[in-house]
Amino acid sequence: MALKTKKEKDFSEWFTEIVSERGAKLADVRYGVQGFVVHRPWAVKIIRIFEKLIEDAVEKDGYEPILLPILVPKKNIEKEKEHVQFAPELFWVEKMGNSKLDEPLFMRPTGESQIYPMYGLWIRSYKDLPFKKYQSRISVYRAEHTTRPFLRGREFLFFETHAVFESHEGVLKRVEKDMKICNEVIRKQLGVPFLFFKRPEWDKFAGAVDTFAADALMPDGKVNQIASTHDLGQKFAKAYDIQFLDKKEKKQYGWQTTFGPGIWRIMAALIGIHGDNNGLVLPFDIAPVQIVIVPVFFDENKKLVDKKCKKLEKNLSEKFRVKYDNSENTAGWKYNEWEMLGAPMRIEVGPKEIKEKSLTLTRRDTKQKTKVPEKSLQKEIEKIAKDILKNITKKAESWQASNIREAKTYDELKKILSTYRGFARASFCSVEKDGLACADRVQAETEGGKVRGTLFDKAEKPFGKCIVCGKTAKYVVYVAKSY
Ligand SMILES: [Zn+2]
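Here the sequence shown is numbered in the numbering used here, starting from 2 and rising by one per residue.
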């Protein structure tokens, strides 16, 4: 009952299959509106678990939750000139019942245009700062051309933090903290590695002073931007009139940041990077069902086994998310099904196990079986849980590392992007406006290879002239194809 498509043969088709009815039943694209997908229970449960981790992390950093309406008045988008860039992507509501609305409303494409007018009303004094709110478990709407569950949608799940500081210094510290949250949650708890970049001047968020982003490498060698954080300077504060009285009673514009871990994109990374040809592979802490108990019996000992399984489920449930699968399906069918869903551990219980007072534990990532004496079961589960995360993280990290290749010549760069994909590391003239011509040439001549930026947390010395124009290189950039 493995997936029909082999991941290593055709990742794109494998991804479509694992998401669908034939796979782990995560999303359904048969809703009837392109780009609007139905999230099925297993996906919702997984997402809620890691979304909560991010919520906890930002709340620990002092953010409070807010929820704004889905519709935004037309005048809001006109306040910020550069943000009007979103205009061609908007969905509009123009009627209420049978009557035409006086002012058309658009469905939020992201939160700035709806949140910042409110910040303008709420923030009064330096004593209100830093002002930190976040919005989660919402959707945003964009008129995208191509769509794909968890990668690109016309409606997709969204998470955004918005902070206002007294000075630019607050902003810069915040960017570092946002990167730390990505590290703590996405890398350490989900086992998904990424590189954190400062984006080039030409690839910034509309209206931002600087954009920073985390790129995870998918198994087909294309990068998936899983989070971004923006230094907005005072631009939006000026557009939306977010002012505060400083200590000298003087009016000042706030300095702002916004951070967006991409809920869908993180889900895509979790599916794509850890999954295998038998289905999902989930870290123990992220799995909606961490341990599944499967009874193995013959008619004469059914009652005995059932009783044992129930007891085991009750005991283990005190510490873990446990499911006793007592459905009518055969044991073999259950094994396959729970493997497909990525349940990290399986315990088989039969008359033999009851008699020997030991249980067979099978872990999902390596399929390794361990015989465990009943009395040390909990300890063993905890040990294996840690080892699963360690193992899948290591696998993902080493795969990422082996897909960062140094390009010394332009031909090498082209070869890397066409043969292996992944990241090509190269010396580059400029990540300011004057580097755009070189970046455009790369994109045109490598079928979409984009300059993702310079590493945020590590200053790197160029190892040659600009790989495109041959002028003096000031930066080391990473080039990759992307989703
Ligand atoms: Zn150049």
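No residue lacks a Cβ here, since even glycine has one placed at the ideal position from N, Cα and C.
Residue i - DSSP class collapsed to helix/strand/coil
{"i": "residue 129", "result": "helix"}
{"i": "residue 237", "result": "helix"}
{"i": "residue 222", "result": "coil"}
{"i": "residue 436", "result": "helix"}
{"i": "residue 40", "result": "strand"}
{"i": "residue 420", "result": "helix"}
{"i": "residue 109", "result": "coil"}
{"i": "residue 114", "result": "helix"}
{"i": "residue 253", "result": "strand"}
{"i": "residue 81", "result": "coil"}
{"i": "residue 394", "result": "helix"}
{"i": "residue 245", "result": "strand"}
{"i": "residue 17", "result": "helix"}
{"i": "residue 483", "result": "strand"}
{"i": "residue 360", "result": "strand"}
{"i": "residue 23", "result": "coil"}
{"i": "residue 442", "result": "helix"}
{"i": "residue 407", "result": "strand"}
{"i": "residue 179", "result": "helix"}
{"i": "residue 1", "result": "No answer is possible for residue 1: the residues shown for the chain start at 2 and end at 484."}
{"i": "residue 352", "result": "helix"}
{"i": "residue 366", "result": "coil"}
{"i": "residue 29", "result": "strand"}
C-alpha gap between residue i and residue j, whole angstroms
{"i": "residue 17", "j": "residue 357", "result": "44 Å"}
{"i": "residue 6", "j": "residue 281", "result": "14 Å"}
{"i": "residue 288", "j": "residue 21", "result": "18 Å"}
{"i": "residue 1", "j": "residue 202", "result": "Nothing can be reported for residue 1, as the shown portion of the chain is limited to 2 through 484."}
{"i": "residue 172", "j": "residue 73", "result": "27 Å"}
{"i": "residue 35", "j": "residue 248", "result": "52 Å"}
{"i": "residue 112", "j": "residue 369", "result": "46 Å"}
{"i": "residue 304", "j": "residue 296", "result": "11 Å"}
{"i": "residue 440", "j": "residue 215", "result": "19 Å"}
{"i": "residue 52", "j": "residue 139", "result": "11 Å"}
{"i": "residue 450", "j": "residue 480", "result": "6 Å"}
{"i": "residue 55", "j": "residue 302", "result": "46 Å"}
{"i": "residue 116", "j": "residue 255", "result": "14 Å"}
{"i": "residue 274", "j": "residue 252", "result": "49 Å"}
{"i": "residue 122", "j": "residue 227", "result": "32 Å"}
{"i": "residue 207", "j": "residue 229", "result": "13 Å"}
{"i": "residue 218", "j": "residue 401", "result": "7 Å"}
{"i": "residue 338", "j": "residue 283", "result": "14 Å"}
{"i": "residue 335", "j": "residue 329", "result": "10 Å"}
{"i": "residue 1", "j": "residue 457", "result": "Nothing about residue 1 can be read from this structure; the chain reaches only from 2 to 484."}
{"i": "residue 152", "j": "residue 28", "result": "12 Å"}
{"i": "residue 340", "j": "residue 169", "result": "49 Å"}
Per-residue burial, residue i [other beta carbons within 10 Å of its own, 16 or more giving buried]
{"i": "residue 77", "result": "buried"}
{"i": "residue 101", "result": "exposed"}
{"i": "residue 99", "result": "exposed"}
{"i": "residue 38", "result": "buried"}
{"i": "residue 315", "result": "exposed"}
{"i": "residue 476", "result": "buried"}
{"i": "residue 384", "result": "exposed"}
{"i": "residue 236", "result": "buried"}
{"i": "residue 225", "result": "buried"}
{"i": "residue 354", "result": "buried"}
{"i": "residue 164", "result": "buried"}
{"i": "residue 194", "result": "buried"}
{"i": "residue 363", "result": "buried"}
{"i": "residue 154", "result": "buried"}
{"i": "residue 374", "result": "exposed"}
{"i": "residue 68", "result": "exposed"}
{"i": "residue 411", "result": "buried"}
Contact belief for residue i with residue j at Cβ below 8 Å, rounded distance in angstroms
{"i": "residue 48", "j": "residue 158", "result": "7 Å"}
{"i": "residue 350", "j": "residue 309", "result": "6 Å"}
{"i": "residue 58", "j": "residue 187", "result": "Contact doesn't hold; Cβ gap of about 10 Å is too wide."}
{"i": "residue 365", "j": "residue 346", "result": "7 Å"}
{"i": "residue 425", "j": "residue 414", "result": "5 Å"}
{"i": "residue 110", "j": "residue 64", "result": "So it is not a contact: roughly 22 Å between Cβ atoms."}
{"i": "residue 257", "j": "residue 238", "result": "6 Å"}
{"i": "residue 243", "j": "residue 124", "result": "6 Å"}
{"i": "residue 404", "j": "residue 4", "result": "Actually they do not touch by this definition, with Cβ atoms about 23 Å apart."}
DSSP beta-bridge partners of residue i
{"i": "residue 277", "result": "280"}
{"i": "residue 258", "result": "164 and 232"}
{"i": "residue 140", "result": "158"}
{"i": "residue 197", "result": "215"}
{"i": "residue 427", "result": "478"}
{"i": "residue 72", "result": "108"}
Taking any heavy atom of ligand 3 as the mark, which residues have a C-beta closer than 7 Å to it, listed down the chain?
Ligands present in the displayed structure are limited to ligand 1, and ligand 3 is not among them.
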